[in-house]
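A.B. asks: In mature numbering (1 follows the signal peptide of the UniProt record, and there is no 0), the protein residues as written are -22 to -1, 1 to 112.
Glycine residues also receive a C-beta, built at the ideal position from the N, C-alpha and C atoms.
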Amino acid sequence: MTTRAILLASAVFALSWFQCIASDPSLLQDFCVVDKMSKGSLYVGFVTSNPDNKLFTKVLNKGDVFVFPEGLIHFQFNYGTNNAVAIAALSSQNPGVITVANAVFGSKPSISDDVLAKAFQVDKKTIDRIQAQF
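#1: By how many angstroms is the C-alpha of residue 112 removed from the C-alpha of residue 66?
#2: Can you find at least 3 beta carbon pairs, one from the region 21 to 35 and one from the region 44 to 55, that sit closer than 8 Å?
#3: Could you tell me which of 59, 38, 30 sits nearest to residue 50, measuring between CA atoms?
#4: Whose C-beta lies closer than 6 Å to the C-beta of residue 52 among residues of the same chain, with five residues either side of it excluded?
#5: May I ask which residues mark the beginning and end of the alpha helix (DSSP H) holding residue 104?
#6: Can you tell me which of the three DSSP states residue 86 falls into?
#7: Quick check on residue 17: does DSSP put it in helix, strand or coil?
#8: By DSSP, does residue 78 sit in helix, in strand, or in coil?
#9: Find out if the Cβ-Cβ distance for the pair residue 64, residue 33 is shorter than 8 Å.
#10: Relative to the C-alpha of residue 15, which residue among 81, 42, 104 is closest?
#11: So what's residue 40 in DSSP terms, helix, strand or just coil?
#12: Going by DSSP, what residue range makes up the beta strand (DSSP E) through residue 53?
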């Protein structure tokens, strides 16, 4: 697979399951809920870069599409009570890594404590203590 090839990754978001907060520093990534029979919904979003760290979010239902801009921190979270089937398209087989602490804990408005607590497997009080440092 070449760098310009498109990597398609499908994911099944089970009840109470999450995908870790991540970033693709090299190329555009898009994300959509594709299964028309899926009754699940996903809460997705991204945080702009410093100094603003602005949070943009949307709840995706079947057939909705959400685009994560190049190089920005983003997340997906099963928002509903049912499974959700989704597909992600990446334009690189090696998306890379970005340090996320400032954007994740210092975003304006803040990412939901529920999302962060589940993503980092800690309680909400711990999330509040970490966010207070940013």
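C.D. replies: To lay it out plainly:
#1: Within the sequence shown, numbered from 1, the residue matching residue 66 stands at position 88. Within the sequence shown, numbered from 1, the residue matching residue 112 stands at position 134. In a straight line, the C-alpha of residue 66 is about 31 Å away from that of residue 112.
#2: Because the criterion of three Cβ pairs below 8 Å is met, the region 21 to 35 and the region 44 to 55 touch.
#3: Here residue 50 corresponds to residue number 72 of the sequence shown, with the count starting at 1. Residue 50 has its Cα closest to that of 30, out of 59, 38, 30.
#4: For the purposes of this step, residue 52 is taken as the residue at position 74 of the sequence shown. Same-chain partners within the cutoff: 24, 46.
#5: In the sequence shown, counting from the first residue as 1, residue 104 sits at position 126. Segment 102 to 109, the alpha helix (DSSP H) holding residue 104.
#6: Taking the sequence shown and counting its residues from 1, one reaches residue 86 at position 108. Note: residue 86 maps to strand in three-state DSSP.
#7: The residue labelled residue 17 in the question sits at position 39 within the sequence shown. Reduced to three states, the DSSP call for residue 17 is coil.
#8: As a first step, residue 78 must be located in the sequence shown, where it is residue number 100. Residue 78: coil per DSSP, three-state reduction.
#9: To locate residue 64, count along the sequence shown from 1; it is residue 86. To locate residue 33, count along the sequence shown from 1; it is residue 55. No; because the gap between Cβ atoms is not below 8 Å, this pair is not in contact.
#10: On the sequence shown, residue 15 is found 37 positions in, with the first residue counted as 1. Taking only the C-alpha atoms, the option nearest residue 15 is 42.
#11: Locating residue 40 in the sequence shown gives position 62, counting from the first residue. The DSSP-derived three-state label of residue 40 is coil.
#12: The sequence position of residue 53 within the sequence shown is 75, counting from 1. 51 to 56 is the span of the beta strand (DSSP E), which, as asked, contains residue 53.
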